[in-house]
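This report concerns only the one structure given below.
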Amino acid sequence: MTNSLSRRTQIVLIGIVFVVTFSNATLAQGPATDLDLTQMSSSLEADGVRIESLIEIAEAENPDIHAARASWQAAQKRILQSWALPDPMAGMDVMGEMTETRVGPQEDRLMVSQELPFPLKLWERRKVAKKTSEAAKQQYVAVRRNVLNELRRAFYSLYETDASLEVIHEIHTLLKKFEGVAQARYSNRQGSQRDVAKAQAEVSMTLEQLFVLEQNRETLVALINSILNRSALAGLGKAVQAAQPTLEATLPQLLTYASQNREGIKEMEAMVEKSRHNKNLAKLSWIPDMDVGFTYTWVGSGMTMSAEDGKDSWMFPLKINVPVWQNRLIPALQEAQQEMEAARAKLLSSQNETFFEVKDAYVRFTTAAKISALYETAVIPQAKLALSSDQAGYESGETDFLNLLDSERVYLNAKLAYVKIYAETLRSHSDLIRATGLDLTED
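Convert by adding 2 to the 1-based position in the sequence shown; the result is the number in this note's numbering.
Below you can see the structure in the form of structure tokens.
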């Protein structure tokens, strides 16, 4: 009895060795440590907010970026799983009393087996998982760029609003001065009451513009707070004017950059490769997989005098599947072919959309830069000179009040238009960065 137990222990150990041999090692990973980020929310409420500070916070706190990064990391974990072997099977048969053989009764049977897919199938599965991970990475890059582009556009619109508020305050102060001059001239019987009323009306109209701009500012601050994952009630200081960007690259160069670096194109390229490997997998479905095993049977003492009497038996069973059902294999290959065609079409569509976005942003940027330079060097200086001349003329009685108001409106509109076109230069440059997939400030 002791010998029988010892033999059974040995056989069980052999089975365990078999299972371990065909099992996959588990990689232990320690928990990731969270990055200790310094909160800068309090400093954002002071004047002098820069886009660089907001970008740093967005990259660390934006939920969409976090979600896309986690999805990419999850896809990376599927690579190792993709070419892992199936779990081995183990079993134990307890024989009945009537299971007799020539050399004695069969008592128990231990069985272990391992399915072994055709090696090329495992290779192609790994390729599919790698391309899926690569596509997920490009999706993460795309989400990050889209979030930062949305943030930059909102910040530049906030700068436009803050700068416009400054202009309106400047004009409001100037109109109050005009009102005082008109009131003094009216008191001295050198002007009309109509001039005073017009000056007061202009002052009231500037107040209306201030209210609208302040409303727009609150909306933009709420948008920026949502991107930064801050409270909607959190304040945001005055936006600092960003330096006007320059662009050395030509449109053909930008299109080339975009075709090589735009994350949407790279994602679709990865999906085309993934579909190609899926098609290869479908072709490999015609190749059988193998199942190897080990079986050990304990045999009790028989009634014969044979040397084999009571001797245990063992065997190595070998099985393969027979892929004969064409109604499954052929449609699977056709499905993979259609998926590859769809991926190629999406790649072409992504390229066309990218090239349009690059050209659109390029034309908007170059046009806005030209107009901005025109306002800065010609329109605003001329409007300011005309306003100063008419102001001096009105105070000396050589110019009427209507001409002075016309000059004031031209100057106001010129400054507001300059602020708007300058902000559009910044926004279109940000769009160009997103469209090309490159930081063009390094060019």
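Virtual Cβ for every residue (Gly too), placed ideally from N, Cα, C.
Buried versus exposed, by CB contacts within 10 Å (16 or more), residue i
i	result
THR163	buried
ILE332	exposed
ARG232	buried
PHE180	buried
ASN1	Only positions 3 to 445 of the chain appear in the structure, and residue 1 is not among them; the question remains open.
ASN227	buried
LEU376	exposed
MET292	exposed
GLN140	buried
PHE358	exposed
Own chain partners of residue i with C-beta closer than 7 Å, once the 5 adjacent residues on each side are dropped
i	result
HIS174	VAL205 and THR208
SER166	LEU215, LEU418 and VAL421
PRO290	ILE322, ASN323, VAL324 and PRO325
Residue i: first and last residue of the uninterrupted beta strand (DSSP E) it sits in
i	result
ASP392	Segment 382-397 is the alpha helix (DSSP H) holding ASP392; no beta strand (DSSP E) there.
ALA92	91-96
PHE213	Element bounds for PHE213: not the beta strand (DSSP E) but the alpha helix (DSSP H), 195-229.
THR299	292-301
LEU320	320-322
Own chain partners of residue i with C-beta closer than 8 Å, once the 5 adjacent residues on each side are dropped
i	result
LEU428	ARG154, TYR158, TYR161, ALA244, GLN246 and PRO247
VAL412	ALA385, ALA388 and LEU389
MET342	VAL274, SER277, ARG278, ASN280 and LYS281
Other residues of its chain near residue i: CB distance less than 6 Å, five sequence neighbours each side excluded
i	result
HIS431	PRO247 and PHE367
GLY395	THR401
MET113	GLY93 and THR297
Reference residue i; option with closest CA among the options
i	options	result
ARG111	GLU117, MET97 and PHE120	MET97
LYS276	LYS129, ALA62 and PRO88	LYS129
ILE382	LEU256, MET292, ALA241 and VAL169	VAL169
TRP300	GLU341, GLU109 and LYS240	GLU109
VAL223	PHE213, GLY239, LYS281 and VAL214	GLY239
GLN78	GLY295, ALA131, LEU56 and MET113	ALA131
LEU177	ALA156, ALA345 and ALA201	ALA201
PHE213	LEU253, VAL198 and HIS171	HIS171
VAL324	THR438, ARG147, ALA251 and SER287	SER287
GLU152	THR438, ASP433, MET270 and GLY266	ASP433
Where the alpha helix (DSSP H) through residue i begins and ends
i	result
LEU440	Run containing LEU440: none; DSSP gives neither H nor E here.
THR369	328-376
ILE289	Where ILE289 is concerned, there is no enclosing alpha helix (DSSP H), given that its DSSP letter is neither H nor E.
TRP85	It is not in any alpha helix (DSSP H) - TRP85 carries neither H nor E in the DSSP assignment.
SER233	From DSSP, SER233 is part of no alpha helix (DSSP H); its letter is neither H nor E.
PRO254	253-263
Near the ligand FAD: residue i beta-carbon under 6 Å from a heavy atom
i	result
LYS132	You won't find the ligand FAD in this model; it holds no ligand whatsoever.
Notebook entry, point to check: Between the region 135-152 and the region 73-87, do at least 3 Cβ pairs fall closer than 8 Å?
Noted result: Taking 8 Å as the limit for Cβ pairs, the verdict is that the region 73-87 does touch the region 135-152.
Next item on the list: Kindly confirm or deny that the region 325-341 and the region 403-422 touch, where touching means at least three C-beta pairs closer than 8 Å.
Entry: Because the criterion of three Cβ pairs below 8 Å is not met, the region 325-341 and the region 403-422 do not touch.
Notebook entry, point to check: Counting pairs of Cβ atoms below 8 Å between the region 315-329 and the region 252-271, do you hit three or more?
Noted result: Inter-segment contact for the region 315-329 and the region 252-271 is absent: fewer than three beta-carbon pairs are separated by less than 8 Å.
Next item on the list: For the region 110-127 and the region 49-58, state whether three or more C-beta atom pairs, one from each stretch, are separated by less than 8 Å.
Entry: Contact fails: fewer than three Cβ-Cβ distances are below 8 Å.
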